[in-house]
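Step one of this worksheet: look at the structure below.
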Amino acid sequence: MSILVNKDTKVIVQGFTGKEGSFHAEQCMAYGTKIVGGVTPNKGGTEHLGQPVFNTVKDAVASTGATVSMIFVPPAFVADAVMEAADAGIDLAVIITEGAPVRDMQAAKAYAIKHNMKTIGPNCPGIITADECKIGIMPGMIFKKGNVGLISKSGTLTYEGANQVVKEGFGISTAVGIGGDPIIGLSYKQLLPMFEADPDTHAIVMIGEIGGDLEIQAAKLIKEQITKPVVAFIAGQTAPAGKRMGHAGAIISGSAGTAKEKMDALEAAGVRVVVSPADIGKAIAEVLGKK
Amino acid sequence: MNIHEYQAKQIFAKYGVPTPRGIIANTPAQAMTNAQELGGKIWVVKAQIHAGGRGLGGGVKLARSIEEVKTLASEILGMTLVTHQTGPQGKLVQKVYIEEGADIADELYLGIVLDRAKEMPVIMASTQGGMEIEKVAHESPEKIVKVAVDPAIGFQSFHGRELVFGLGITDPAEQKKFISFASKLYKLYMENDAEMIEINPLIKTGSGEFLALDGKMGFDDSALGRHPDIEDMRDISEEDRDEREASQYGLSYISLDGEIGCMVNGAGLAMGTMDTINYMGGTPANFLDVGGSANAQTVAKGFEIILKNPNVKAIFVNIFGGIVRCDRIANGILEATKLVNVHVPVIVRLDGTNAPEAAEILRNANIPNVIAATDLADGAAKAVRAAKGEKII
Numbered sequence: 001m002s003i004l005v006n007k008d009t010k011v012i013v014q015g016f017t018g019k020e021g022s023f024h025a026e027q028c029m030a031y032g033t034k035i036v037g038g039v040t041p042n043k044g045g046t047e048h049l050g051q052p053v054f055n056t057v058k059d060a061v062a063s064t065g066a067t068v069s070m071i072f073v074p075p076a077f078v079a080d081a082v083m084e085a086a087d088a089g090i091d092l093a094v095i096i097t098e099g100a101p102v103r104d105m106q107a108a109k110a111y112a113i114k115h116n117m118k119t120i121g122p123n124c125p126g127i128i129t130a131d132e133c134k135i136g137i138m139p140g141m142i143f144k145k146g147n148v149g150l151i152s153k154s155g156t157l158t159y160e161g162a163n164q165v166v167k168e169g170f171g172i173s174t175a176v177g178i179g180g181d182p183i184i185g186l187s188y189k190q191l192l193p194m195f196e197a198d199p200d201t202h203a204i205v206m207i208g209e210i211g212g213d214l215e216i217q218a219a220k221l222i223k224e225q226i227t228k229p230v231v232a233f234i235a236g237q238t239a240p241a242g243k244r245m246g247h248a249g250a251i252i253s254g255s256a257g258t259a260k261e262k263m264d265a266l267e268a269a270g271v272r273v274v275v276s277p278a279d280i281g282k283a284i285a286e287v288l289g290k291k
Numbered sequence: 001m002n003i004h005e006y007q008a009k010q011i012f013a014k015y016g017v018p019t020p021r022g023i024i025a026n027t028p029a030q031a032m033t034n035a036q037e038l039g040g041k042i043w044v045v046k047a048q049i050h051a052g053g054r055g056l057g058g059g060v061k062l063a064r065s066i067e068e069v070k071t072l073a074s075e076i077l078g079m080t081l082v083t084h085q086t087g088p089q090g091k092l093v094q095k096v097y098i099e100e101g102a103d104i105a106d107e108l109y110l111g112i113v114l115d116r117a118k119e120m121p122v123i124m125a126s127t128q129g130g131m132e133i134e135k136v137a138h139e140s141p142e143k144i145v146k147v148a149v150d151p152a153i154g155f156q157s158f159h160g161r162e163l164v165f166g167l168g169i170t171d172p173a174e175q176k177k178f179i180s181f182a183s184k185l186y187k188l189y190m191e192n193d194a195e196m197i198e199i200n201p202l203i204k205t206g207s208g209e210f211l212a213l214d215g216k217m218g219f220d221d222s223a224l225g226r227h228p229d230i231e232d233m234r235d236i237s238e239e240d241r242d243e244r245e246a247s248q249y250g251l252s253y254i255s256l257d258g259e260i261g262c263m264v265n266g267a268g269l270a271m272g273t274m275d276t277i278n279y280m281g282g283t284p285a286n287f288l289d290v291g292g293s294a295n296a297q298t299v300a301k302g303f304e305i306i307l308k309n310p311n312v313k314a315i316f317v318n319i320f321g322g323i324v325r326c327d328r329i330a331n332g333i334l335e336a337t338k339l340v341n342v343h344v345p346v347i348v349r350l351d352g353t354n355a356p357e358a359a360e361i362l363r364n365a366n367i368p369n370v371i372a373a374t375d376l377a378d379g380a381a382k383a384v385r386a387a388k389g390e391k392i393i
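Residue numbers (the numbering used here), protein chains in the order written: chain W, 1 to 291; chain P, 1 to 393.
This is the structure we're talking about:
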């Protein structure tokens with residue numbers, strides 16, 4: 001088992017024939033992901049990477065039965081693509097594109113919620129269920145199958161965390177890169193209970209960063225609902241206030257959103273908080289027992 | 001992206017948000033002409049920099065004669081203004097805004113930002129104008145009225161009522177004026193993809209008018225493409241030169257006070273690297289995210305920017321290669337060391353696809369300055385030792 005996606009998940013790609021969309025769709029297929037088609041307006045009826053291309057998401061869903069869409073369209077068109085997916089009855093949209101305006105994402109997410117569509121991202125590496133299904137841009141080979149679920153705002157810290165878990169002799173059930181924009185889809189609050197319910201996930205790695213209060217909300221939820229061990233790292237302990245650290249949402253404003261505040265809240269909720277990302281693997285080995 | 005007060009007020013005026021009249025000046029002579037044009041008996045000479053706290057720093061002064069406008073403008077223009085938001089190095093004042101004096105009966109606060117938990121803009125208002133809003137939020141949170149507005153319905157009358165009753169505005173004529181003020185501000189916030197607006201203070205005059213005495217605006221960088229008029233307001237002299245240069249090469253750079261230069265792919269890992277250096281007893285000299293496709297050119301540029309900082313005693317290159325293979329990055333780093341004269345030890349940690357081949361390439365190159373590390377902890381530890389002057393092999 002795993003969460004959200006597995007070897008049977010049928011995936012379409014919005015922005016299928018573009019440079020990024022093509023490259024990563026091919027990588028995902030090589031990993032084993034069931035990419036059943038894609039959408040590029042005015043290219044409907046053609047074939048790309050051996051899969052059918054459709055003009056609209058509605059056509060793609062009707063013809064392929066896809067439930068998940070991986071979105072690679074340029075930033076200005078992301079909101080439109082997300083809303084189209086929601087309207088067509090897609091269950092989960094994984095938005096890889098970086099640089100979508102916040103106002104657009106606000107509207108798109110509200111619309112997705114109205115249509116019961118889950119979203120991941122934007123500006124994220126995507127989601128991977130080890131050895132089964134990769135929807136995104138992460139290097140698949142790092143994610144060996146195992147019992148550790150991973151949720152991260154940062155792409156490369158997802159890889160760093162997974163790599164350490166694997167080096168300690170453990171593996172990953174599902175890893176989700178949720179992105180670090182001010183408005184994102186699924187976050188800790190929704191994903192932690194999914195991992196709690198997944199019998200094949202025995203421990204959870206949670207990687208956060210400065211800015212916003214998602215980690216604070218997560219701490220509250222962990223205290224109340226999560227029985228599995230959680231290891232957390234919060235990036236940006238050394239970040240100065242008022243400076244945006246790369247991600248649009250990674251900024252300490254006033255006294256809110258600091259790493260310390262988040263680490264304290266998580267520690268109080270019983271989470272094993274590590275001070276350096278270099279200790280994620282060791283901490284997992286500690287909570288799960290050495291292999 | 002941030003803009004100056006006078007630019008924010010231009011946008012306010014376009015939307016009918018009332019402000020005192022004012023004219024921007026680059027020279028004392030121009031300041032004097034502006035004051036004459038505005039007329040009246042009292043003027044305010046205001047330094048235009050992208051930072052708050054200008055008044056306390058001596059950048060906002062009252063003038064009671066045209067001559068005094070000139071004297072004050074010549075004092076303020078060219079001064080390096082230090083406020084709690086500029087850092088100790090301060091900011092050079094290149095423009096002054098000459099504004100007509102206002103009759104202040106009350107000072108309020110009004111701002112709009114995105115509430116990330118609610119995922120909608122929130123209007124914040126307070127009767128404690130003139131004070132730093134974060135201080136008010138900390139000391140007397142009950143004095144801040146917060147009204148979230150769902151963009152799906154926009155600013156409605158009830159939002160306005162919540163604001164005025166929350167603030168204790170009881171006069172019906174004043175209520176109407178304040179609601180109109182807030183509704184226009186919300187409109188311009190949405191239509192311009194603003195990230196934040198802050199009016200502190202928003203004043204009530206003796207005759208019961210509301211005026212934006214100050215104006216601060218920041219915009220969503222991702223949306224600037226559809227607002228060329230706002231992009232035109234960019235003042236590059238307000239931006240850090242190195243940060244700006246880096247951004248032109250797709251690098252995200254922020255300079256810090258420490259000794260170890262960092263070059264990392266991905267913002268989260270870049271912060272995590274700084275944290276690890278700190279944890280191991282070193283100090284990071286910068287945040288630098290080289291982005292997803294680290295190649296010889298971006299790495300060379302990264303070295304160049306890091307080495308501009310004279311405090312840098314060692315550099316830690318920490319790259320987790322994903323789709324981009326590590327052996328290619330290793331070659332890029334070697335190439336970069338030929339393009340830029342790197343005179344400090346460089347610790348290189350490459351992990352991910354083809355990491356062993358990458359380590360081999362670095363070893364075989366046999367450049368005395370370049371030291372390979374096996375993982376994040378090893379790399380950070382070596383960088384900390386190298387910065388302390390230890391010889392690392």
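Each residue gets a CB set at the ideal place from its N, CA and C atoms; glycine is no exception.
Nearest-angstrom Cα separation, counted from residue j out to residue i
| i | j | result |
| --- | --- | --- |
| W/Val53 | W/Ala76 | 22 Å |
| P/Ile306 | P/Ala270 | 14 Å |
| P/Ala401 | P/Asn341 | The question about residue 401 of chain P has no answer here: the residues shown for chain P are numbered 1 through 393. |
| P/Leu339 | P/Ala300 | 6 Å |
| P/Val348 | W/Asp91 | 42 Å |
| W/Ile204 | W/Ile216 | 16 Å |
| P/Val69 | P/Val96 | 10 Å |
| W/Gly270 | W/Tyr188 | 16 Å |
| W/Gln237 | P/Leu350 | 23 Å |
| P/Ile236 | P/Ala8 | 16 Å |
| P/Gly218 | W/Leu157 | 29 Å |
| P/Ser183 | P/Asp214 | 18 Å |
| P/Ala330 | W/Thr129 | 30 Å |
| P/Tyr189 | W/Met245 | 24 Å |
| P/Leu108 | P/Ala285 | 40 Å |
| P/Asp289 | P/Gly266 | 5 Å |
CB contact below 8 Å: residue i versus chain W
| i | result |
| --- | --- |
| P/Leu256 | yes |
| P/Met274 | yes |
| P/Tyr186 | no |
| P/Met217 | no |
| P/Tyr279 | yes |
| P/Leu114 | yes |
| P/Asp353 | Note on residue identity: the sequence assigns Thr, not Asp, to residue 353 of chain P. Cβ-Cβ to chain W under 8 Å: yes for P/Thr353. |
| P/Asp106 | no |
| P/Gly250 | no |
| P/Met190 | yes |
Residue i burial status per 10 Å Cβ neighbour count (16 or more: buried)
| i | result |
| --- | --- |
| P/Gln156 | exposed |
| W/Ser276 | buried |
| W/Ser154 | buried |
| P/Glu191 | exposed |
| W/Thr46 | exposed |
| W/Ala30 | exposed |
| P/Gly78 | exposed |
| P/Ser140 | exposed |
| P/Phe158 | exposed |
| W/Ala63 | According to the sequence displayed, residue 63 of chain W carries Ser and not Ala. Flag for W/Ser63 reads exposed. |
Interface flag, residue i vs chain P, CB-CB below 8 Å
| i | result |
| --- | --- |
| W/Glu286 | no |
| W/Met138 | yes |
| W/Ser2 | no |
Beta-carbon proximity of residue i to residue j, cut-off 8 Å
| i | j | result |
| --- | --- | --- |
| P/Leu251 | P/Asn318 | no |
| P/Val370 | P/Val344 | no |
| W/Thr17 | W/Gly44 | no |
| W/Ile252 | W/Ala235 | no |
| W/Ile137 | W/Ile127 | no |
Chain A contact residues for residue i, given Cβ-Cβ distances below 8 Å
| i | result |
| --- | --- |
| W/Val230 | Given the protein chain composition of this structure (W and P), no chain A is represented. |
Worksheet item: Touching or not, the segment 96-105 of chain P and the segment 156-175 of chain P, by the rule of three or more beta carbon pairs under 8 Å?
Response: no
Practice prompt. Check whether the segment 85-104 of chain W touches the segment 140-150 of chain W, counting contact only when three or more Cβ pairs, one atom from each stretch, lie closer than 8 Å.
Written response: no
Discussion item. Check whether the segment 277-285 of chain P and the segment 217-232 of chain P touch, using three or more Cβ-Cβ pairs below 8 Å as the test.
Written reply: These segments do not touch.
Worksheet item: Are there three or more Cβ pairs, one per stretch, closer than 8 Å when the segment 39-46 of chain P is compared with the segment 82-90 of chain P?
Response: no
Discussion item. Across the segment 190-203 of chain W and the segment 29-39 of chain P, are there enough close Cβ pairs to call them in contact, namely three or more that are closer than 8 Å?
Written reply: Cβ pair count under 8 Å is below three, so no.
Discussion item. I want to know whether the segment 78-85 of chain W touches the segment 99-115 of chain W - three or more CB-CB distances under 8 Å.
Written reply: Taking 8 Å as the limit for Cβ pairs, the verdict is that the segment 99-115 of chain W does touch the segment 78-85 of chain W.
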